[in-house]
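**Q** From first to last, the protein sequence lines are chains E and X.
Sequential numbering of the first sequence, starting at 0, is according to numbering that gives the first Met the number 0.
Sequential numbering of the second sequence, starting at 0, is according to numbering that gives the first Met the number 0.
Protein chains: 2
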Amino acid sequence: MDEAIFEFLHMEIVNHVYSTAKKDEQDLCISQLESLGFRVGQSLVERFTRDWPRYKDELDTMKFICKDFWMAVYKKQVDNLRTNHMGVYVLQDNRFRLLVQLSSGKQYLEHSPRYLALSCGIIRGALSNLGINCVVTAEVSAMPSCKFQIQIPR
Amino acid sequence: MDEAIFEFLHMEIVNHVYSTAKKDEQDLCISQLESLGFRVGQSLVERFTRDWPRYKDELDTMKFICKDFWMAVYKKQVDNLRTNHMGVYVLQDNRFRLLVQLSSGKQYLEHSPRYLALSCGIIRGALSNLGINCVVTAEVSAMPSCKFQIQIPR
Numbered sequence: 000m001d002e003a004i005f006e007f008l009h010m011e012i013v014n015h016v017y018s019t020a021k022k023d024e025q026d027l028c029i030s031q032l033e034s035l036g037f038r039v040g041q042s043l044v045e046r047f048t049r050d051w052p053r054y055k056d057e058l059d060t061m062k063f064i065c066k067d068f069w070m071a072v073y074k075k076q077v078d079n080l081r082t083n084h085m086g087v088y089v090l091q092d093n094r095f096r097l098l099v100q101l102s103s104g105k106q107y108l109e110h111s112p113r114y115l116a117l118s119c120g121i122i123r124g125a126l127s128n129l130g131i132n133c134v135v136t137a138e139v140s141a142m143p144s145c146k147f148q149i150q151i152p153r
Numbered sequence: 000m001d002e003a004i005f006e007f008l009h010m011e012i013v014n015h016v017y018s019t020a021k022k023d024e025q026d027l028c029i030s031q032l033e034s035l036g037f038r039v040g041q042s043l044v045e046r047f048t049r050d051w052p053r054y055k056d057e058l059d060t061m062k063f064i065c066k067d068f069w070m071a072v073y074k075k076q077v078d079n080l081r082t083n084h085m086g087v088y089v090l091q092d093n094r095f096r097l098l099v100q101l102s103s104g105k106q107y108l109e110h111s112p113r114y115l116a117l118s119c120g121i122i123r124g125a126l127s128n129l130g131i132n133c134v135v136t137a138e139v140s141a142m143p144s145c146k147f148q149i150q151i152p153r
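1. Where does X/Ser118 land, buried or exposed, given buried means 16+ other C-beta within 10 angstroms?
2. With DSSP as the reference, label E/Leu80 as helix, strand or coil.
3. Closer than 7 Å, Cβ to any Cβ of chain X: which residues of the stretch 51–80 of chain E, in chain order?
4. Tell me, to the nearest whole angstrom, how far the beta carbon of X/Gly120 is from that of X/Gly36; I am working on the premise that it is less than 8 Å.
5. Determine, for X/Gln31, whether the minimum Cβ-Cβ distance to residues of chain E falls below 8 Å.
6. Measure the alpha-carbon distance for X/Ala116 versus X/Tyr107 and round it to whole angstroms.
7. Excluding the 5 residues flanking X/Asn132 on each side, which residues of the same chain have their C-beta closer than 8 Å to its C-beta?
8. Extract the residue ranges of the alpha helix (DSSP H) inside the stretch 43–73 of chain X, only unbroken runs of 4 or more that lie entirely within it.
9. Please compile the residues from chain E whose C-beta is within a distance smaller than 8 Å of the C-beta of X/Ser127.
10. Any idea what DSSP makes of E/Ala137, helix, strand or coil?
11. Over what stretch of residues does the beta strand (DSSP E) that includes E/Leu90 continue unbroken?
12. Residues of chain E with a CB under 7 Å from the CB of X/Ser42: which are they?
13. Rounded to the nearest angstrom, what separates X/Met70 and X/Arg96 at their Cα positions?
14. Do X/Met142 and X/Leu98 have their CB atoms nearer than 8 Å?
15. Label E/Met61 either buried or exposed according to how many other C-beta atoms from any shown protein chain fall within 10 Å of its C-beta, with 16 as the threshold for buried.
16. Along the chain, where does the alpha helix (DSSP H) that runs through X/Lys121 open and close?
Here it is as structure tokens:
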């Protein structure tokens, strides 16, 4: 039920942000959702890392995001983590919780960035509070699967 | 953790709605939050009442809201339910989940309506999908305790 509240609330936030934006401000919506998520990610880490172990390096921190953090927020672990060992990490989730409820119709695929922006922010906020500043982007090729790319400037 | 996401997300929605509103539109914020909550409440009931029993009358439905529904959304039951048997119900929660995280400072008491608007909407949306149209308002006398008043037009 709590899961459902997160899903429904997320959906309504996206709708709200888009429906209140002016026509020429649509580009702003993604960044508003991302900022909102950023603060949620920060708060989550602030509240919870007291109980979590410290991470010895960047890769270790990413593994924490893929396992414990993802499980806590999205009720499953990330399915695949890849890195180029030069500051780029790709997290693949084959059944992303906030996409599952959407139909796999083409109009949703087209609008998928708006359903991933808040989650990009959550990841960036969480990592920021774990000492890693980065840029997070997301892409969907086939619903409800998606990839988050984390870029850490060197 | 899931609880925390709901709380943090709620807090950020309230901040977002107020920070994006123009000065002369502050009155709109409450109704925007209420509408957003209304749709969340509707969705919750749509998804969950399949598993829940039918309610034989209005009072029975209110008891469901105070027990199962409140437990699912707010992690506790309502502490007190009163009715005048003429369509007015007052639900008292002595430790309301979305107020607990706020400080008990005076500035929060003053702003408490903005932290209760979404929940008023959730209750109204849930009841609407259970066949009861009503008006829901909230008041706080001492944080984090609050009362929701449900008025059903006769």
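We put the beta carbon where it would ideally sit given N, CA and C, even for glycine.
**A** In short, the structure shows the following:
1. To locate residue 118 of chain X, count along the second sequence from 1; it is residue 119. Buried, because 16 or more other Cβ atoms sit within 10 Å of the Cβ of X/Ser118.
2. As a first step, residue 80 of chain E is located in the first sequence; it is residue number 81 there, counting from the start. E/Leu80 falls in the strand class under three-state DSSP.
3. Here the close residues are Ala71 and Val72.
4. Here residue 120 of chain X refers to the residue found at position 121 when the second sequence is read from its first residue. Here residue 36 of chain X refers to the residue found at position 37 when the second sequence is read from its first residue. A Cβ-Cβ distance of about 3 Å is found for the pair X/Gly120 and X/Gly36, placing them in contact under the 8 Å criterion.
5. Your numbering for residue 31 of chain X matches position 32 in the second sequence. Yes, X/Gln31 lies at the interface with chain E (some Cβ there is under 8 Å from its Cβ).
6. Working through the second sequence from its first residue, we reach residue 116 of chain X at position 117. Working through the second sequence from its first residue, we reach residue 107 of chain X at position 108. Approximately 14 Å, taken between the alpha carbons.
7. In the second sequence, the residue the question calls residue 132 of chain X occupies position 133. Within the same chain, X/Asn132 has close Cβ partners Leu126, Ile151 and Pro152.
8. As far as the stretch 43–73 of chain X is concerned, its whole alpha helix (DSSP H) runs of at least 4 residues are 57–63 and 69–73.
9. Sequence index remark: in the second sequence, residue 127 of chain X carries index 128 (1-based). Result: empty, since nearest Cβ-Cβ is about 15 Å, beyond 8 Å.
10. Reading the first sequence from its first residue, position 138 is the one you call residue 137 of chain E. Note: E/Ala137 maps to strand in three-state DSSP.
11. By 1-based counting over the first sequence, the position of residue 90 of chain E is 91. Run containing E/Leu90: Val87 to Asp92, per the beta strand (DSSP E) assignment.
12. To locate residue 42 of chain X, count along the second sequence from 1; it is residue 43. Near X/Ser42 (Cβ distances below 7 Å), the residues of chain E are Phe7.
13. Taking the first residue of the second sequence as position 1, residue 70 of chain X is located at position 71. Taking the first residue of the second sequence as position 1, residue 96 of chain X is located at position 97. Each residue's alpha carbon lies about 11 Å from the other.
14. As a working note, residue 142 of chain X is residue 143 in the second sequence. As a working note, residue 98 of chain X is residue 99 in the second sequence. A contact, by the Cβ cut-off of 8 Å.
15. Counting from one through the first sequence, the residue named residue 61 of chain E turns up at place 62. Classification of E/Met61: buried, given that the 10 Å Cβ count is 16 or more.
16. As a working mapping, residue 121 of chain X is identified with position 122 in the second sequence. Residue identity differs from the one stated: residue 121 of chain X is Ile in this sequence, not Lys. Start and end: Lys105 to Asn128.
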